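S.K.: Mind having a look at this structure? Questions to follow.
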Amino acid sequence: MKFSTVFTLASTAAIALATPTPTIQKRADFCGTWDSATTGVYTVYNNLWGQGSASSGSQCTGVDGLSGSTLKWHTKWSWAGGQGQVKSYANVVTKVSLKALSAISTIPTTWTWSYSGSDIVGNVAYDIFTSASGSGSSEYEIMIWLAALGGAGPISATGSPIATVTLAGKSWKLYYGLNGSMKVYSFVASSQINSFNGNLMEFANYVTSKQGMPKSQVLQSVGAGTEPFSGSNAVLTTTAYTLSLT
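For the sequence shown, the positions run -18 to -1, 1 to 228 when mature numbering (1 follows the signal peptide of the UniProt record, and there is no 0) is used.
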């Protein structure tokens, strides 16, 4: 549910995965609209792309540490106004090679997180972007919602799921809609998942095999973070995150 700005930031880091980085300690939080911090193969973005719809609010994000390939990070926010509008997408993007989906075997990932705060409306979600060439505007977006908080919902043409599927050992409701001309498929967990361990290619393979997405689409970026609509004193804490691509 982000505009092309999100991909533009992520795509600048699209290179092959590197060797895991030694332990890195906590860094200072950053609060600017497009501020980011790169740690090993991960770049964490504050990304306040939708803040203009808020009547008030702020957000800061920070890296808490890296041990081997496991990242710890957090984001803190309060947003009011702009009902139903996403204010930001604090997220971590992993450096990946530009490859067609047909050339990717697995995207293994783990994510353990918790959320605190008041009246939180938002999600916790992975976000995958693709295009025909790997550059330019994204043509497809695949979201994997581990949590839909406070009544938050995905982009949908009808407001109803088009399928219920089991992937990565969990049940998901699949929604479809358009963000401009970009086709958006959102898998929303039937129940909240605070500790996820799975292969994101299962979701991409479902969309290519069952929903007509071409396997020739090129992976542009894979992010993981939170889209807040509204709430106060909210803190998303990731205590363990990994993602790679083979």
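Note that the Cβ used here is the ideal one computed from N, Cα and C, for glycine as well.
Nothing here was measured: the structure is a model prediction, and the numbers come from that model.
1. Cβ of residue 69 within 7 Å of Cβ of residue 32?
2. List the DSSP bridge partners of residue 123.
3. Taking only three categories from DSSP, how would you classify residue 208?
4. Would DSSP call residue 99 helix, strand or coil?
5. Looking only at DSSP bridge pairs, what is residue 12 linked to?
6. So, are the CB atoms of residue 223 and residue 127 less than 7 Å apart?
7. Would you kindly report the start and end of the unbroken beta strand (DSSP E) that includes residue 75?
8. Grab the span of the alpha helix (DSSP H) containing residue 189 for me, first residue to last.
9. Could you check what DSSP says for residue 139 in three-state terms: helix, strand or coil?
10. Taking the C-alpha atoms as reference points, what is the distance between residue 107 and residue 63?
11. Residues in its own chain within less than 6 Å of residue 37 by CB, not counting five upstream and five downstream?
12. Buried or exposed: where does residue 5 fall if 16 or more other Cβ atoms within 10 Å of its Cβ makes it buried?
13. Relative to the alpha-carbon of residue 193, which residue among 158, 46 and 42 has its alpha-carbon at the smallest distance?
14. Three-state secondary structure (DSSP) at residue 199?
15. Beta-carbon within less than 8 Å of residue 139's beta-carbon, same chain only, minus the 5 sequence neighbours each way: which residues are those?
16. Just verifying my parser: in three-state terms, what is the DSSP assignment at residue 104?
M.R.: Quick look at the numbers:
1. Result yes, Cβ atoms of residue 69 and residue 32 sit closer than 7 Å.
2. Partner(s): 111 and 166.
3. Strand at residue 208.
4. Residue 99: strand per DSSP, three-state reduction.
5. Beta-bridge partners assigned by DSSP to residue 12: 43.
6. No.
7. The continuous beta strand (DSSP E) containing residue 75 extends over residues 72 to 76.
8. Counting along the chain, the alpha helix (DSSP H) containing residue 189 begins and ends at 183 to 192.
9. Residue 139: coil per DSSP, three-state reduction.
10. If I take the Cα positions, the gap works out to 22 Å.
11. The answer, listed in chain order, is 62 and 63.
12. Exposed: under 16 other Cβ atoms inside 10 Å.
13. Considering only alpha carbons, the answer is 158.
14. Coil at residue 199, not helix or strand.
15. Excluding positions up to five away in sequence, the list reads 158, 159 and 160.
16. Residue 104 carries a strand assignment under DSSP once its states are collapsed to helix, strand and coil.
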